[in-house]
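Engineer: Residue numbers (this note's numbering): 1381 to 1629.
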Amino acid sequence: MTLADSIEDLGESMVMEDVGTTASVSVQTVDISQNFPFLVGAGQISEGADWVFEEASAGDISPVFETAQAFYMLELVSSEPEGVLPLEQARAAIESTLLFESKMSQARIDGQEAVARIRSGETLEDIAADLGLEIRDTGLFSRSSFVPGLGRQNTAIGAAFGLRSGEVSEVVTTPTNAFILDLVGYVPADSAAWISQRIEQRQTQVLILQQQRLQEWIDALRTAARIVDRRDEVLAPADEDAVQLPMVF
1381 MTLADSIEDL GESMVMEDVG TTASVSVQTV DISQNFPFLV GAGQISEGAD
1431 WVFEEASAGD ISPVFETAQA FYMLELVSSE PEGVLPLEQA RAAIESTLLF
1481 ESKMSQARID GQEAVARIRS GETLEDIAAD LGLEIRDTGL FSRSSFVPGL
1531 GRQNTAIGAA FGLRSGEVSE VVTTPTNAFI LDLVGYVPAD SAAWISQRIE
1581 QRQTQVLILQ QQRLQEWIDA LRTAARIVDR RDEVLAPADE DAVQLPMVF
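Here you go:
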């Protein structure tokens, strides 16, 4: 069972804070806009936003969703109708966004300086210590892997597979971070392993397409359907004075 599966199971019986404590993952409270569903650390969270604005009620906890940067789960604390926020209410979100953009801009500048020093012969370890940067060993990963710290199927993953062993990249940015990649090793793909799982891979893709077509059909049906709400009639209490006919078999 993966960490994402474990977190989703915990979410069925715990509030989000308890899930975070039990699974040792970070929990934060954020405001999500339907027009701009962005979460620092996860990037665009359109799938999660659809759950928040179309399905969830206050107190509900979502299944685990995935972006190219991270796995995430949501708890809807409260919701407000769409409108224009007063500046004082929006100030914190605006300041947070501007601060993040400023940090990303500085990270690119620091990264370019570090790359220039590497090209001149300094070691990555010395430069990282000098600039207060973190060096992290990702271990082996494939093009489709989710790599903690890097994300999944983004520019950083693509850049890693464009390097030769021992080669250092330029500054590579994702929506949430900036990286300098040093390829320390490369293992060719196992073609035999890939061939052995082709049938399973094909079945998975077919299932995805089937689910996509089914969802499109349901969406089209909802758009064209004429729905008459008669719950008041169906759920109305029975009239005690009404004549009831016996059931005949």
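Beta carbons are placed, not taken as given, at the ideal position from N, Cα and C, and that holds for glycine. Given the structure is predicted, the values throughout are model-derived calculations rather than measurements.
To the nearest angstrom, how far is it from the Cα of F1541 to the Cα of D1506?
Structural biologist: Here residue 1541 refers to the residue found at position 161 of the sequence shown. Here residue 1506 refers to the residue found at position 126 of the sequence shown. Their backbone Cα atoms lie some 25 Å apart in a straight line.
Engineer: I'd like to confirm the pairing. Which residues does DSSP put opposite F1418 in its beta bridges?
Structural biologist: Taking the sequence shown and counting its residues from 1, the one referred to as residue 1418 is at position 38. Per the DSSP secondary-structure output, F1418 pairs in a beta bridge with Q1424.
Engineer: Please classify A1473: does DSSP put it in a helix, a strand, or coil?
Structural biologist: Taking the first residue of the sequence shown as 1, we reach residue 1473 at position 93. Of the three classes helix, strand and coil, the one that applies to A1473 here is helix, per DSSP.
Engineer: Is the Cβ-Cβ distance between A1536 and L1530 less than 8 Å?
Structural biologist: Numbered from its first residue, the sequence shown carries residue 1536 at position 156. Numbered from its first residue, the sequence shown carries residue 1530 at position 150. Against a cut-off of 8 Å, the Cβ pair of L1530 and A1536 comes out as a contact.
Engineer: Which whole runs of the alpha helix (DSSP H) in the segment 1462 to 1533 are 4 residues long or more, in chain order?
Structural biologist: Those alpha helix (DSSP H) runs which fall completely within the segment 1462 to 1533 and span 4+ residues are 1467 to 1499, 1504 to 1511.
Engineer: Of the choices S1545, V1551, R1523, G1546, whose alpha-carbon is the least far from that of G1538?
Structural biologist: What you label residue 1538 is simply residue 158 of the sequence shown in a count that begins at 1. When only C-alpha atoms are compared, the closest one is R1523.
Engineer: By DSSP, does F1541 sit in helix, in strand, or in coil?
Structural biologist: Here residue 1541 refers to the residue found at position 161 when the sequence shown is read from its first residue. In the structure shown, F1541 sits in coil (DSSP, three-state: anything other than H, G, I, E or B).
Engineer: Buried or exposed for F1480, going by 16 or more other Cβ atoms inside 10 Å?
Structural biologist: Translated into positions along the sequence shown, residue 1480 becomes position 100. F1480 is exposed by the Cβ-count criterion.
Engineer: Verify whether the separation of the beta carbon atoms of L1563 and G1546 is less than 8 Å.
Structural biologist: The count along the sequence shown starts at 1 and reaches residue 1563 at position 183. The count along the sequence shown starts at 1 and reaches residue 1546 at position 166. The answer is yes: Cβ separation under 8 Å.
Engineer: Go to S1576, then tell me how far its alpha helix (DSSP H) extends in each direction, as first and last residue.
Structural biologist: Here residue 1576 refers to the residue found at position 196 of the sequence shown. Run containing S1576: 1571 to 1576, per the alpha helix (DSSP H) assignment.
Engineer: M1396: which of P1568, D1430, D1440 sits nearest, CA to CA?
Structural biologist: Locating residue 1396 in the sequence shown gives position 16, counting from the first residue. Checking every option, the nearest Cα to that of M1396 belongs to D1440.
Engineer: Expressed to the nearest angstrom, what Euclidean distance is found between the alpha-carbon atoms of A1436 and R1532?
Structural biologist: Position 56 of the sequence shown, counting from 1, holds the residue named residue 1436. Position 152 of the sequence shown, counting from 1, holds the residue named residue 1532. Their Cα atoms are separated by approximately 27 Å.
Engineer: What number of angstroms, rounded off, separates the C-alpha of V1457 from the C-alpha of I1425?
Structural biologist: For the purposes of this step, residue 1457 is taken as residue 77 along the sequence shown, with counting starting at 1. For the purposes of this step, residue 1425 is taken as residue 45 along the sequence shown, with counting starting at 1. If you take the alpha carbons of V1457 and I1425, they lie about 17 Å apart.
Engineer: Since V1495 and E1550 should fall inside the 8 Å C-beta cutoff, what is the C-beta to C-beta distance between them, to a whole number of angstroms?
Structural biologist: On the sequence shown, residue 1495 is found 115 positions in, with the first residue counted as 1. On the sequence shown, residue 1550 is found 170 positions in, with the first residue counted as 1. About 6 Å; that satisfies the 8 Å criterion.
Engineer: Which residues in the same chain as V1326 place their Cβ atom closer than 7 Å to its Cβ, once the five residues preceding and following it in sequence are excluded?
Structural biologist: No statement about residue 1326 is possible, as the shown extent of the chain runs from 1381 to 1629 and does not include it.
Engineer: Between V1552 and I1498, which are expected to be in contact by the criterion C-beta below 8 Å, what is the C-beta distance as a whole number of angstroms?
Structural biologist: The residue you call residue 1552 lines up with position 172 of the sequence shown. The residue you call residue 1498 lines up with position 118 of the sequence shown. In fact, because the Cβ distance is near 14 Å, the residues do not count as touching under 8 Å.
Engineer: Just list the residues that DSSP pairs Y1566 with in beta bridges.
Structural biologist: Taking the sequence shown and counting its residues from 1, one reaches residue 1566 at position 186. Its beta-bridge partners do not exist; DSSP assigns none.
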